[in-house]
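Visitor: Before we start, here is the structure in question, set down as structure tokens.
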Amino acid sequence: MNLIWGSSFKRAYRRLTKRNPQLKPAIHKALRTFATDVFAPSLRTHKLSGQLQGLWGFTVGYDCRIVFRFINGDAMLVDIGSHDEVY
Numbered sequence: 121m122n123l124i125w126g127s128s129f130k131r132a133y134r135r136l137t138k139r140n141p142q143l144k145p146a147i148h149k150a151l152r153t154f155a156t157d158v159f160a161p162s163l164r165t166h167k168l169s170g171q172l173q174g175l176w177g178f179t180v181g182y183d184c185r186i187v188f189r190f191i192n193g194d195a196m197l198v199d200i201g202s203h204d205e206v207y
């Protein structure tokens, strides 16, 4: 699966990795796993509801989530951050 980094995701990624540089390897590992298997058990991929209906999320680590949407067989990354920041 191709990953499309949306502009809001790029901004949030830069901000997050500037604050927490130790998260960078975990984020890249999760993205590699996601690109090969969207529903890998370690990611806990799930549909979102409410105001985020139509979007999906997966877990990078204890309190780091990535929000994305499916577009024509690809995944557009929308946001990254803590649970409270992205949901």
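Going from the sequence shown to this note's numbering is simple: count from 1 and add 120. From the three backbone atoms N, C-alpha and C, an ideal C-beta is built for every residue, glycine too.
Is the segment 151-158 in contact with the segment 125-139, if contact means three or more CB pairs nearer than 8 Å?
Guide: No, because fewer than three Cβ pairs between the segment 151-158 and the segment 125-139 fall closer than 8 Å, the two stretches do not touch.
Visitor: What is the DSSP secondary structure of Phe129, reduced to helix, strand or coil?
Guide: The answer is helix: DSSP assigns Phe129 an H, G or I state.
Visitor: Have a look at Lys167 and Ser202 and give me their C-alpha separation to the nearest angstrom.
Guide: Cα to Cα, the separation comes out at about 17 Å.
Visitor: Based on Cα-Cα distance, which residue from Lys138, Phe129, Arg134, Ala150 lies nearest to Thr179?
Guide: Closest by alpha carbon: Ala150.
Visitor: Out of Ile191, Asp183, Tyr182, which has the shortest C-alpha to C-alpha gap to Trp176?
Guide: Nearest C-alpha to Trp176: Ile191.
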